[in-house]
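Asker:
2 protein chains.
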Amino acid sequence: MTIPRVTIKDVAARAGVSKGAVSLAFNRKPGLSEATRDRIFRAARELGWAPSLTARTLAGSRVDVVGLAICRPARQIGLEPFYMEFVSGVESVLTEHSCSLLLRLVRSLEEEVGLQESWWRGRQIGGSLLVDFRVDDPRVAAVERLGMPVVAVGHPSLTGGLTSVWTEDATAVTEAVRYLAALGHRRIARVGGAAALGHTSMRTAAFDEAARSLELAGAWQVATDYSGEAGARATRSLLTTAPPDRPTAIVYDNDIMAVAGLSVAAEMGLSVPDDVSLLAWDDSQLCRITHPPLSAMSHDVHGFGADAARTLFGLITGEGPGSHPVPTPVLTPRGSTAPPRM
Amino acid sequence: MTIPRVTIKDVAARAGVSKGAVSLAFNRKPGLSEATRDRIFRAARELGWAPSLTARTLAGSRVDVVGLAICRPARQIGLEPFYMEFVSGVESVLTEHSCSLLLRLVRSLEEEVGLQESWWRGRQIGGSLLVDFRVDDPRVAAVERLGMPVVAVGHPSLTGGLTSVWTEDATAVTEAVRYLAALGHRRIARVGGAAALGHTSMRTAAFDEAARSLELAGAWQVATDYSGEAGARATRSLLTTAPPDRPTAIVYDNDIMAVAGLSVAAEMGLSVPDDVSLLAWDDSQLCRITHPPLSAMSHDVHGFGADAARTLFGLITGEGPGSHPVPTPVLTPRGSTAPPRM
DNA sequence: AATAGGGACTTTACCGGTTAAGAAAGCGCT
DNA sequence: AGCGCTTTCTTAACCGGTAAAGTCCCTATT
């Protein structure tokens with residue numbers, strides 16, 4: 001605050017050159033002798049100077065910040081291991097490019113649209129990562145109107161032509177259902193995420209399709225808000241049906257609901273996996289610490305985030321890959337899935 | 001990128017005034033007639049203009065960004081509900097001041113020191129929130145040298161004179177142990193967090209002191225890395241002792257380890273709370289979805305974050321409260337604690 | 001000897017705002 | 001009418017960098 005900060009001018013004065021020369025040195029551009037360059041760097045080191053990103057940004061070069069707005073209720077976000085892992089993957093790539101992440105939790109998509117717009121308009125960010133696509137997502141049009149570089153984390157069918165990175169959820173759901181069917185399950189339920197989310201509806205459709213093609217005797221789906229409580233509620237209602245018609249296997253859309261489901265089964269005196277098999281999604285550490293450990297559709301969320309960030313850089317610099325899928329979640333059997341008892 | 005952005009000049013031209021006038025209008029400073037002000041706002045709205053924070057920052061006013069670096073292994077952070085909740089609390093206050101959060105996950109304290117320094121030097125941030133203090137934390141000196149406004153989230157005994165916000169962990173630990181002792185427990189264990197962290201060592205000391213003053217028959221403490229796996233390991237080793245000497249109650253330093261502990265008990269055929277009582281810390285949603293639900297030392301982490309952010313604003317603007325504690329975690333009994341069976 | 005070419009810097013004009021100082025117009029007052 | 005005082009705006013200098021254009025000097029070429 002009160003302390004005068006060191007600027008390029010001080011460095012220039014100390015090195016006995018113009019500030020243009022300092023700029024050249026720090027951007028590794030040609031046109032300076034070794035000796036001068038050294039003198040400049042020494043002066044900068046002695047003064048503890050680093051170029052101001054603010055000024056650099058203003059001067060027209062690129063912006064070293066990317067934005068990420070996450071739209072979920074605050075209380076819930078804390079529990080979703082997915083995001084922090086995703087963010088840490090994003091960070092790991094940004095750091096390599098000495099770029100920072102501007103993170104904001106928003107309450108609605110409209111708020112996000114406004115935020116992205118003001119970030120971009122105010123030159124706060126050089127591009128953005130968009131997550132949690134809805135069907136007919138308003139962000140697609142908004143972002144195109146702005147001409148802002150964006151990587152959409154979501155299936156191309158949802159992201160309307162934006163450069164996208166996604167997991168093939170339909171394939172994964174199909175694999176999950178096939179696996180349970182192969183174990184002998186004929187009555188399978190799915191506890192899905194928020195119905196408004198695009199990937200939820202894709203998973204729902206894929207589940208329906210799989211149930212149909214496998215001619216399951218029973219198939220249920222229930223939409224939740226991803227919270228543990230909702231997962232518990234859904235599980236409770238699914239398992240209160242009398243035994244012959246009760247589902248013998250449940251697939252969850254995230255980890256936390258699967259953990260809640262496990263507790264509900266215990267509370268109802270049902271044994272997992274003997275009475276009911278449970279299959280989680282995302283596979284954070286949480287799945288490995290329950291008893292029994294949860295089988296899960298497992299994928300590398302950290303790597304997913306890293307890939308998204310890399311793709312954004314590719315987009316900004318004009319090279320690198322365009323839209324592409326990341327590895328599909330694979331089934332990782334643990335102790336919570338087995339053939340049905342009856 | 002290619003699209004020319006709207007600047008203050010365009011707005012000024014459209015409103016038929018100088019850019020100085022536009023600046024005055026947007027900063028709600030006196031010296032403009034109502035009519036002109038309206039005209040300017042209308043022009044800005046029509047053009048979709050918002051002032052560039054970058055330029056605004058450069059022009060000498062304050063910086064509308066605060067920094068937060070979190071130092072924990074990436075894979076683990078995802079699971080710690082504490083941080084996301086804390087962050088969301090911070091955000092909620094920042095948003096009111098239309099201020100953003102610059103978040104970075106770092107791998108070491110040295111990295112954090114470097115990061116904070118370059119953020120500050122590069123005028124990227126107007127201040128910072130520091131978390132996870134160690135004993136003799138190097139950040140204290142670094143930050144003082146820079147003269148950067150900072151709010152330390154940690155006990156004053158650790159934060160060396162920086163403006164601090166903290167929970168009275170020692171009091172909470174004492175309450176936890178007293179409660180268990182009151183239930184009749186005489187052999188109590190604590191599964192703590194990373195030993196290097198200051199609050200861990202404070203809790204450890206408080207636990208020792210409580211055990212001594214209550215003359216417990218047995219008191220164990222084990223340090224972990226906060227991960228579920230470590231919590232499971234610790235619990236397993238604590239519970240393998242033969243019954244008469246086995247601890248009958250365990251306090252955990254976070255939620256996730258308590259959940260892991262619960263699973264270990266189940267896996268070992270021990271009943272919670274009959275054979276062993278478990279007490280979690282922080283009390284995220286996770287505690288309510290297990291079976292039995294976990295008793296916990298509960299506090300408002302979201303509010304904690306909000307308070308820290310408010311304090312930082314107070315520090316920057318020169319008003320508001322200085323160092324102060326936030327409410328001490330309170331015991332919230334649920335199903336995982338009861339009098340010991342034997 | 002005159003000229004071209006190129007290396008090593010410096011100058012200067014921005015980037016998009018803020019802000020202190022200056023100027024024009026309107027008003028009340030003697 | 002002349003004076004000072006506001007109110008309302010404009011001007012111009014900055015903030016700390018970048019980058020294009022300009023300057024200077026030294027060497028090689030014809």
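Residue numbers (the UniProt record's numbering), protein chains in the order written: chain A, 1 to 342; chain B, 1 to 342. Where is the CB? At the ideal position from N, CA and C, for every residue including glycine. Keep in mind the model is a prediction, meaning the values are calculated, not measured.
1) Please list the residues of the region 94-115 of chain B that have a C-beta atom closer than 7 angstroms to any C-beta atom in chain A, keeping them in chain order.
2) Inspect the beta-carbon positions of Thr188(B) and Trp220(B) and report whether they are closer than 9 angstroms.
3) According to DSSP, is Met268(B) helix, strand or coil?
4) How long is the line joining the alpha carbons of Thr248(A) and Ala195(B), rounded to whole angstroms?
5) Pick helix, strand or coil for Met148(A), following the three-state DSSP scheme.
6) Name the chain B residues whose beta carbon is nearer than 7 angstroms to that of Val259(A)?
7) So for Ser128(A), helix, strand or coil by DSSP?
8) Would you check if the distance between the CB atom of His97(B) and the CB atom of Phe313(B) is smaller than 9 angstroms?
9) Spatial neighbours of Tyr179(A) within its chain, please: C-beta separation below 6 angstroms, excluding the five flanking residues on both sides.
10) Indicate whether the contact test is met: 3 or more Cβ pairs, each with one atom in the region 171-185 of chain A and one in the region 153-161 of chain A, closer than 8 angstroms.
11) Quick one: Cα of Ile289(A) to Cα of Ala260(B), how far?
12) Apart from the five residues just before and just after Met1(A), which ones in its own chain have a Cβ nearer than 7 angstroms to its Cβ?
13) For Cys99(B), which three-state DSSP category applies?
14) Could you tell me whether any Cβ in chain B is nearer than 9 angstroms to the Cβ of Gly16(A)?
15) Return the chain-ordered list of same chain residues with a C-beta closer than 6 angstroms to the C-beta of Gly218(B), the five sequence neighbours on each side being excluded.
16) Can you check whether the C-beta of Tyr179(B) is within less than 9 angstroms of a C-beta belonging to chain A?
17) Look up Met1(B) in the DSSP assignment and say whether it is helix, strand or coil.
18) If you draw a straight line from the C-alpha of Arg45(A) to the C-alpha of Trp120(A), how long is it?
19) Pull out every residue of the region 52-66 of chain A whose Cβ sits closer than 7 angstroms to any Cβ of chain B, in chain order.
20) Would you report the Cα separation of Ala280(B) and Gly335(B), rounded to the nearest angstrom?
21) Excluding the 5 residues preceding and the 5 following Asp274(A) in the sequence, name in chain order all residues of the same chain whose CB lies nearer than 8 angstroms to its CB.
22) Strictly by DSSP, which residues pair up with Leu197(B)?
23) For Leu130(B) and Leu101(B), which I take to be in contact (beta-carbon distance under 8 angstroms), what is that distance rounded to the nearest angstrom?
24) Quick one: any contact between the region 105-116 of chain B and the region 46-63 of chain A, if contact means 3 or more CB pairs under 8 angstroms?
25) Got a sec: which bits of the region 213-231 of chain A sit with their beta carbon under 8 angstroms from any beta carbon on chain B, in order along the chain?
26) So which residues on chain A does Glu168(B) lean against when the C-beta distance must stay under 7 angstroms?
27) Please report whether the beta-carbon of Gly264(A) lies at a distance below 9 angstroms from any beta-carbon of chain B.
28) Cβ atoms of Val222(A) and Gly126(A): under 9 angstroms apart, would you say?
29) Name, in chain order, the residues that DSSP records as bridge partners for Ala189(A).
30) Would you give the residue range spanned by the beta strand (DSSP E) that Trp281(B) belongs to?
31) With 16 other CB atoms within 10 Å as the buried threshold, where does Asn254(B) fall?
32) Under 7 angstroms between beta-carbons, which chain B residues line up against Ala50(A)? List them in chain order, please.
33) What are the partner residues of Leu109(A), as DSSP defines its beta bridges?
34) Using DSSP with H/G/I as helix, E/B as strand and the rest coil, what is Ala296(B)?
35) Can you check whether the C-beta of Thr2(A) is within less than 9 angstroms of a C-beta belonging to chain B?
Answerer: Let's see:
1) Considering only beta carbons, the part of the region 94-115 of chain B lying closer than 7 angstroms to chain A consists of Ser100, Leu101, Leu102, Leu103, Arg104, Leu105, in chain order.
2) Start at 1 with the first residue of the second sequence, and residue 188(B) comes out as number 188. Start at 1 with the first residue of the second sequence, and residue 220(B) comes out as number 220. This sequence places Ile at residue 188(B); Thr is not what is there. In contact: Ile188(B) and Trp220(B) (Cβ atoms closer than 9 angstroms).
3) Counting from one through the second sequence, the residue named residue 268(B) turns up at place 268. Here Met268(B) sits in coil by DSSP.
4) Counting from one through the first sequence, the residue named residue 248(A) turns up at place 248. Counting from one through the second sequence, the residue named residue 195(B) turns up at place 195. Roughly 44 angstroms between the two C-alpha positions.
5) In the first sequence, the residue the question calls residue 148(A) occupies position 148. Coil.
6) Looking up residue 259(A) in the first sequence gives position 259. By Cβ distance, chain B contributes Ile289.
7) Your numbering for residue 128(A) matches position 128 in the first sequence. Note: Ser128(A) maps to strand in three-state DSSP.
8) By one-based count along the second sequence, residue 97(B) stands at place 97. By one-based count along the second sequence, residue 313(B) stands at place 313. It is a contact, given that the beta carbons lie within the stated cut-off.
9) For the purposes of this step, residue 179(A) is taken as the residue at position 179 of the first sequence. Only Leu331 meet the Cβ criterion.
10) no
11) Within the first sequence, the letter at position 289 stands for residue 289(A). Within the second sequence, the letter at position 260 stands for residue 260(B). One C-alpha to the other measures close to 5 angstroms.
12) Position 1 of the first sequence, counting from 1, holds the residue named residue 1(A). Note that Met1(A) has pLDDT 37, beneath the 50 cutoff, so the model's placement of it is unreliable and the number below is only indicative. There are no such residues.
13) The sequence position of residue 99(B) within the second sequence is 99, counting from 1. Cys99(B): coil per DSSP, three-state reduction.
14) For the purposes of this step, residue 16(A) is identified with residue 16 of the first sequence, where counting begins at 1. Output row for Gly16(A): interface = no.
15) Within the second sequence, residue 218(B) is the residue found at index 218, counting from 1. Answer for Gly218(B): Arg187, listed in chain order.
16) Position 179 of the second sequence, counted from the start, is the residue given in the question as residue 179(B). No - not a single Cβ of chain A is within 9 angstroms of the one on Tyr179(B).
17) The residue you call residue 1(B) lines up with position 1 of the second sequence. Because Met1(B) carries a pLDDT of 38, less than 50, the predicted location of this residue cannot be relied on, and the following value inherits that uncertainty. Met1(B) falls in the coil class under three-state DSSP.
18) Along the first sequence, read from residue 1 onward, the residue named residue 45(A) stands at position 45. Along the first sequence, read from residue 1 onward, the residue named residue 120(A) stands at position 120. Looking at the two C-alpha atoms, the distance is approximately 33 angstroms.
19) Residues passing the 7 angstroms Cβ filter: Ser52, Leu53, Thr54, Ala55, Thr57, Leu58.
20) Translated into the one-based positions of the second sequence, residue 280(B) becomes position 280. Translated into the one-based positions of the second sequence, residue 335(B) becomes position 335. Cα-Cα distance, rounded: 12 angstroms.
21) For this step, residue 274(A) is matched to residue 274 along the first sequence. If you ignore the 5 residues before and after Asp274(A), its C-beta comes within less than 8 angstroms of the C-beta of Ala338, Arg341, all in its own chain and listed in chain order.
22) The residue labelled residue 197(B) in the question sits at position 197 within the second sequence. In the DSSP secondary-structure assignment, Leu197(B) is bridged to Arg134(B).
23) Mapped onto the second sequence, residue 130(B) falls at position 130. Mapped onto the second sequence, residue 101(B) falls at position 101. That belief does not hold up - the Cβ atoms of Leu130(B) and Leu101(B) are roughly 14 angstroms apart, past 8 angstroms.
24) A contact is defined here as three or more CB-CB pairs under 8 angstroms, and the region 105-116 of chain B fails this definition with respect to the region 46-63 of chain A.
25) Ser227, Gly228, Glu229, Gly231
26) As a position in the second sequence, residue 168(B) is number 168, starting the count at 1. Residues of chain A passing the Cβ test: none, with the nearest at roughly 22 angstroms.
27) Here residue 264(A) corresponds to residue number 264 of the first sequence, with the count starting at 1. It is Val, not Gly, that sits at residue 264(A) in the sequence shown. Yes, Val264(A) lies at the interface with chain B (some Cβ there is under 9 angstroms from its Cβ).
28) Position 126 of the first sequence, counted from the start, is the residue given in the question as residue 126(A). Position 222 of the first sequence, counted from the start, is the residue given in the question as residue 222(A). No; because the gap between Cβ atoms is not below 9 angstroms, this pair is not in contact.
29) Start at 1 with the first residue of the first sequence, and residue 189(A) comes out as number 189. DSSP output for Ala189(A) lists Trp220(A), Ile250(A) as bridge partner(s).
30) Along the second sequence, read from residue 1 onward, the residue named residue 281(B) stands at position 281. Unbroken beta strand (DSSP E) run through Trp281(B): 277-282.
31) Indexing the second sequence from 1 puts residue 254(B) at position 254. Residue environment for Asn254(B): buried (at least 16 other C-beta atoms within 10 angstroms of its C-beta).
32) As a working mapping, residue 50(A) is identified with position 50 in the first sequence. The contacting residues are Ser118, Arg121, Gly122.
33) Position 109 of the first sequence, counted from the start, is the residue given in the question as residue 109(A). BP columns for Leu109(A) are empty, so no partner.
34) Within the second sequence, numbered from 1, the residue matching residue 296(B) stands at position 296. Looking at Ala296(B) - three-state DSSP - the assignment turns out to be strand.
35) Here residue 2(A) corresponds to residue number 2 of the first sequence, with the count starting at 1. Because the pLDDT at Thr2(A) is just 42, under 50, the model does not fix this residue reliably, and the value given afterwards should be weighed accordingly. Closer than 9 angstroms: yes.
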